[in-house]
Amino acid sequence: MLYSYAGHILVIDLTTGNIEKQELNEDYARQYVGGRGLGARYLYDLLKPGIDALSPDNILIMMTGPFTATGIYACQKYEWVTKSPLTNIYLCNNTGGSFGVRLKESGYDGIIIKGASNTPKYILIDGDNVDLQDASSVWGKKVSETQRAIYEMTKADTIVCTGSSADLPNPVKFAGVYDGHRCSGRGGLGAVFGSKNLKAIAVMKPNKKIEPKIYNPSGLKDELSELIKDIKKNEVTGEQLPKFGSIIWMDTTAQFGILPTRNYQDILTYEDIEGKIDTTGYGKKVVKSKELKAINCLDCPILSGHVVIPDHGEWAGKPTKGPEFETSWALGANLGIIDFGHIISANKECNEYGIDTISTGVAIGFAMECRQKGLINDDILEWGNSESVIKMIGKIANREGWLGDTLADGVRSASEKIGNGSNSFALHVKGLEVPAYDPRGVWGMALTYATSIRGACHLKSWTVAAENSKDYIPVSTEKKAKLVKDIQDLRSVMDSLIVCFFAGRAINKDWIVRLVNVVTDFDWTPEKLDEIGARIYDLERMISVREGITSKDDLLPHRIMEEPLNNGQWKGKKITKENMEIMLREYYKLRNWDENGIPKRSV
Numbered sequence: 000m001l002y003s004y005a006g007h008i009l010v011i012d013l014t015t016g017n018i019e020k021q022e023l024n025e026d027y028a029r030q031y032v033g034g035r036g037l038g039a040r041y042l043y044d045l046l047k048p049g050i051d052a053l054s055p056d057n058i059l060i061m062m063t064g065p066f067t068a069t070g071i072y073a074c075q076k077y078e079w080v081t082k083s084p085l086t087n088i089y090l091c092n093n094t095g096g097s098f099g100v101r102l103k104e105s106g107y108d109g110i111i112i113k114g115a116s117n118t119p120k121y122i123l124i125d126g127d128n129v130d131l132q133d134a135s136s137v138w139g140k141k142v143s144e145t146q147r148a149i150y151e152m153t154k155a156d157t158i159v160c161t162g163s164s165a166d167l168p169n170p171v172k173f174a175g176v177y178d179g180h181r182c183s184g185r186g187g188l189g190a191v192f193g194s195k196n197l198k199a200i201a202v203m204k205p206n207k208k209i210e211p212k213i214y215n216p217s218g219l220k221d222e223l224s225e226l227i228k229d230i231k232k233n234e235v236t237g238e239q240l241p242k243f244g245s246i247i248w249m250d251t252t253a254q255f256g257i258l259p260t261r262n263y264q265d266i267l268t269y270e271d272i273e274g275k276i277d278t279t280g281y282g283k284k285v286v287k288s289k290e291l292k293a294i295n296c297l298d299c300p301i302l303s304g305h306v307v308i309p310d311h312g313e314w315a316g317k318p319t320k321g322p323e324f325e326t327s328w329a330l331g332a333n334l335g336i337i338d339f340g341h342i343i344s345a346n347k348e349c350n351e352y353g354i355d356t357i358s359t360g361v362a363i364g365f366a367m368e369c370r371q372k373g374l375i376n377d378d379i380l381e382w383g384n385s386e387s388v389i390k391m392i393g394k395i396a397n398r399e400g401w402l403g404d405t406l407a408d409g410v411r412s413a414s415e416k417i418g419n420g421s422n423s424f425a426l427h428v429k430g431l432e433v434p435a436y437d438p439r440g441v442w443g444m445a446l447t448y449a450t451s452i453r454g455a456c457h458l459k460s461w462t463v464a465a466e467n468s469k470d471y472i473p474v475s476t477e478k479k480a481k482l483v484k485d486i487q488d489l490r491s492v493m494d495s496l497i498v499c500f501f502a503g504r505a506i507n508k509d510w511i512v513r514l515v516n517v518v519t520d521f522d523w524t525p526e527k528l529d530e531i532g533a534r535i536y537d538l539e540r541m542i543s544v545r546e547g548i549t550s551k552d553d554l555l556p557h558r559i560m561e562e563p564l565n566n567g568q569w570k571g572k573k574i575t576k577e578n579m580e581i582m583l584r585e586y587y588k589l590r591n592w593d594e595n596g597i598p599k600r601s602v
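With numbering that gives the first Met the number 0 applied, the sequence shown covers 0 to 602.
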């Protein structure tokens, strides 16, 4: 038997309306754990290479992990996997909220969704009773409207849904899926929902919770009493995140000299942002509210989310969840806007339309530079113009006008349409827009972006803190391949169990092994964890290899590779093709991939 699993997968075919409750594959669970790894294994089996990501042939999978619904702190998230319409390769998204816990309590470790409905639908899960419901009344609605309407119709305990951007005949390629105030934003998961005529999934509170059977219940209780102490005494999870959330990394990134602005043309120093969009500036916007727990993940002791009040636009004066660091960079610092009032409002606009804040901000930054260089005409699209940003968010979300429609497909596609050398400053890897850390001042992140399993991503291997410790030189190739691989493998396991990225500051590798061995009979060691992490990463790479990905795609944008930094402590630094090749050769060797970046092991 499998300890700590529900033991079943819900399989829904939207084309036929057929709904099945299937037994979980035990061998897969032992080899690929859950969440990201288990989802990838099922996707590998079910997804036909070469299909259109927005066709009925795409497969949409959501998976919980063996830590879900066990009471382990900060482990209540879940994972989505599919083929991305933005990148046309494998996509995995880790998401907060309550949906994963409620699904597992209903008796399911995950959901596999196939086909496409002819009419708008939402899925209603009430234990063994699972139905496809008419979603015509909420089709085209924004996120909060949809959540409110479906709750009024069903009284569901948890609802995940898309916004209006996913419901367009041609969905925005970076539309997301929302669980309350939490978002699965990257890569266009919401667009896949929309292409299937799927608006939402709602889970009723079970009359009788199906609790996973724990291998060693008394051992788990003892471990949890120690774990909460470590979470509370850790400086990041016990002090900084509860007070300022992920905005703490705005300070760090600026202090390390890697906070880019104006589409990576320049660097912002800490003096540029101090008291404005740093933790001090953010703290001025945070308000006390009874909604604090509601905007955080279920039963989380860290409470990294905060309540703020927008002071611009349609949502002015209405309490909402504060922006994350990446959002604050993409819609703020990146665009030359050093004002949290604007950032909060822009974040709310994106979340209501249901579009990824990083891709949106980077797309707008790309357009601003195109305008700066005279490649497009838009009189108000200027650096630092917050009004133009709010307007452009609406245009992208609605595919309004030529520019809105063009940017809604992402910067890779936009640069192909605009041409005139704009690809040299189109900031993406494999089609996924870059996040906030300028790799020219932290070279491990260059390798991270180049080899991340879903395109430019900081979450699968965040090397910034390690590279700025005494053990590394940030602007050096030395030891970076092993650092990136080790973090990628660990993160693969964490996303499969599932352990929150933020909580990983306290829940380290030793803690993970201890917890696995009390909730399951897997009998892990640190070496076993490493082995499983590498297995998962190889599997994910193989999914994209089947879509045509090779070493030629493990590249960075021209600006990051060949243009030196103009200012800051790393002025004059660039990555260069030669340095990337040094890191990639070592990385492929450590991974046992061939010179074309293809894993040698069979799946």
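Cβ coordinates follow ideal geometry from the N, Cα and C atoms, glycine included. The structure presented is a predicted model; accordingly, all values stated were derived computationally and were not measured.
Relative to the alpha-carbon of V80, which residue among L42, P309, L482, D488 has its alpha-carbon at the smallest distance? As a first step, residue 80 is located in the sequence shown; it is residue number 81 there, counting from the start. For V80, the nearest C-alpha among the options comes from L42.
Inset, instruction - Evaluate S543 with the Cβ neighbour count: other Cβ atoms within 10 Å of its Cβ, from every protein chain shown; 16 or more gives buried, anything less gives exposed. - result: Indexing the sequence shown from 1 puts residue 543 at position 544. Under this definition S543 is a buried residue.
key: Bridge partners - Y177, DSSP secondary structure assignment   = On the sequence shown, position 178 is the one that residue 177 refers to. Note: Y177 sits in a beta bridge opposite C160, C182.
Are three or more beta carbon pairs between the stretch 435-444 and the stretch 559-570 nearer than 8 Å? yes
Nonlocal neighbours in the same chain, by C-beta distance under 6 Å from L466, ignoring five residues either side: On the sequence shown, residue 466 is found 467 positions in, with the first residue counted as 1. Reading off the sequence shown, one finds Glu at residue 466, where the question assumed Leu. Same-chain partners within the cutoff: V441, G443, P473.
* Counting only runs of 3+ residues fully inside the stretch 188-261, write out the beta strand (DSSP E) ranges in chain order. => 197-202
- Message: Taking only three categories from DSSP, how would you classify T359?
- Response: Numbered from its first residue, the sequence shown carries residue 359 at position 360. T359 falls in the helix class under three-state DSSP.
- Task: Grab me the residues of W592's own chain with a C-beta within less than 7 Å of its C-beta, minus the 5 sequence neighbours each way, in chain order.
- Result: The residue given as residue 592 occupies position 593 in the sequence shown. Result list for W592: P598, K599, in chain order.
| query | Does DSSP classify W655 as helix, strand or coil? | reply | With the chain covering only 0 through 602, there is no way to say anything about residue 655.
Given that a residue counts as buried once 16 or more other Cβ atoms are within 10 Å of its Cβ, and exposed if not, what is P168? Working through the sequence shown from its first residue, we reach residue 168 at position 169. That one is exposed.
Locate the alpha helix (DSSP H) running through I71, then write down its first and last residues.
-> Within the sequence shown, the letter at position 72 stands for residue 71. Unbroken run through I71: none, as it is neither H nor E.
Opening and closing residue of the alpha helix (DSSP H) in which E151 lies:
Indexing the sequence shown from 1 puts residue 151 at position 152. Here the alpha helix (DSSP H) through E151 covers 142-153.
Quiz prompt | Neighbour-count burial assignment, M0, 16 or more Cβ in a 10 Å radius | solution = Against the sequence shown, residue 0 aligns to sequence position 1. Classification of M0: exposed, given that the 10 Å Cβ count is below 16.
(message) Can you tell me whether T476 is helix, strand or coil according to DSSP?
(response) Working through the sequence shown from its first residue, we reach residue 476 at position 477. Looking at T476 - three-state DSSP - the assignment turns out to be coil, as it is neither helix nor strand.
Can you tell me which of the three DSSP states I8 falls into?
Along the sequence shown, read from residue 1 onward, the residue named residue 8 stands at position 9. Note: I8 maps to strand in three-state DSSP.
Query - CA-to-CA distance, N333 to L514, given in whole angstroms - result: For this step, residue 514 is matched to residue 515 along the sequence shown. For this step, residue 333 is matched to residue 334 along the sequence shown. Spanning the two alpha carbons is a distance of roughly 40 Å.
Assess, as a yes-or-no matter, whether the stretch 151-161 is touched by the stretch 304-322 under the definition of 3 or more beta carbon pairs within less than 8 Å. no
Check your understanding: Hey, A5 and K103: beta-carbon distance below 8 Å or not?
Key -> Here residue 5 corresponds to residue number 6 of the sequence shown, with the count starting at 1. Here residue 103 corresponds to residue number 104 of the sequence shown, with the count starting at 1. Closer than 8 Å, so yes.
Helix or strand or just coil, what does DSSP make of I58? For the purposes of this step, residue 58 is identified with residue 59 of the sequence shown, where counting begins at 1. Of the three classes helix, strand and coil, the one that applies to I58 here is coil, per DSSP.
Given this structure, state the Cα-to-Cα distance separating K242 from G282, to the nearest angstrom. Numbered from its first residue, the sequence shown carries residue 242 at position 243. Numbered from its first residue, the sequence shown carries residue 282 at position 283. Cα-Cα distance, rounded: 8 Å.
Checklist entry - Does DSSP classify K484 as helix, strand or coil? => result Locating residue 484 in the sequence shown gives position 485, where the first residue counts as 1. Here K484 sits in helix by DSSP.
| said: Are the CB atoms of M391 and I417 within a distance shorter than 8 Å? | reply: For the purposes of this step, residue 417 is taken as residue 418 along the sequence shown, with counting starting at 1. For the purposes of this step, residue 391 is taken as residue 392 along the sequence shown, with counting starting at 1. Contact: no.
| request: Helix, strand or coil for W592, going by three-state DSSP, please let me know. | output: Stepping through the sequence shown from its first residue, residue 592 is reached at position 593. DSSP places W592 in strand when its eight states are reduced to three.
What's the C-alpha gap between I8 and G33? One-based indexing of the sequence shown puts residue 8 at position 9. One-based indexing of the sequence shown puts residue 33 at position 34. C-alpha separation (whole angstroms): 12 Å.
Which class does A92 belong to by DSSP, given the choice of helix, strand or coil? Here the question's residue 92 lines up with position 93 in the sequence shown. Checking the sequence, you will find Asn at residue 92 rather than Ala. DSSP places N92 in strand when its eight states are reduced to three.
Buried or exposed for D26, please, with buried defined as at least 16 other CB atoms from any protein chain shown within 10 angstroms of its CB.
By one-based count along the sequence shown, residue 26 stands at place 27. Answer is exposed; the Cβ neighbour count stays below 16.
Margin query: If contacts are defined as beta-carbon pairs under 8 Å, then G189 and T161 qualify, I think. What distance do you get, rounded to the angstrom?
Written below: What you label residue 189 is simply residue 190 of the sequence shown in a count that begins at 1. What you label residue 161 is simply residue 162 of the sequence shown in a count that begins at 1. Contact flag correct, Cβ pair sits at about 4 Å.
- How big is the Cα-Cα spacing for I149 and I354? Stepping through the sequence shown from its first residue, residue 149 is reached at position 150. Stepping through the sequence shown from its first residue, residue 354 is reached at position 355. Spanning the two alpha carbons is a distance of roughly 20 Å.
Task: Distance, A345 Cα to L330 Cα - done: The count along the sequence shown starts at 1 and reaches residue 330 at position 331. The count along the sequence shown starts at 1 and reaches residue 345 at position 346. About 7 Å.
Open item on the list: Quick check on this structure: which residue in K195, Y177, G49 has the alpha carbon closest to the alpha carbon of G114?
Closed with: Looking up residue 114 in the sequence shown gives position 115. The shortest C-alpha separation from G114 is found at K195.
Could you give the residue range of the beta strand (DSSP E) that holds E19?
As a position in the sequence shown, residue 19 is number 20, starting the count at 1. Element bounds for E19: 18-22.
- Query: Which value, in whole angstroms, describes the spacing of the CA atoms of W510 and P525?
  - Reply: The sequence position of residue 510 within the sequence shown is 511, counting from 1. The sequence position of residue 525 within the sequence shown is 526, counting from 1. Rounded to whole angstroms, W510 to P525 spans 10 Å at the Cα level.
Exercise. Contact check, I227 vs Y72 under 8 Å by CB: the rounded distance?
Worked result: The residue you call residue 227 lines up with position 228 of the sequence shown. The residue you call residue 72 lines up with position 73 of the sequence shown. Between Y72 and I227 the Cβ distance is about 6 Å, and since that is below 8 Å, they are a contact.
Which residues does DSSP list as the beta-bridge partners of F112?
Taking the first residue of the sequence shown as position 1, residue 112 is located at position 113. As written in the sequence, residue 112 is Ile, which differs from the Phe given in the question. Looking at the DSSP assignment, I112 forms a beta bridge with I11, L59.
Review point. Of the residues Y263, V285, R261, T251, which one's Cα is nearest the Cα of Y269?
Key: The residue you call residue 269 lines up with position 270 of the sequence shown. The residue with the shortest Cα to Cα distance from Y269 is T251.
*With C-beta atoms as the reference, is V498 less than 8 Å away from Y2?*
Position 499 of the sequence shown holds residue 498. Position 3 of the sequence shown holds residue 2. No. Outside cutoff.
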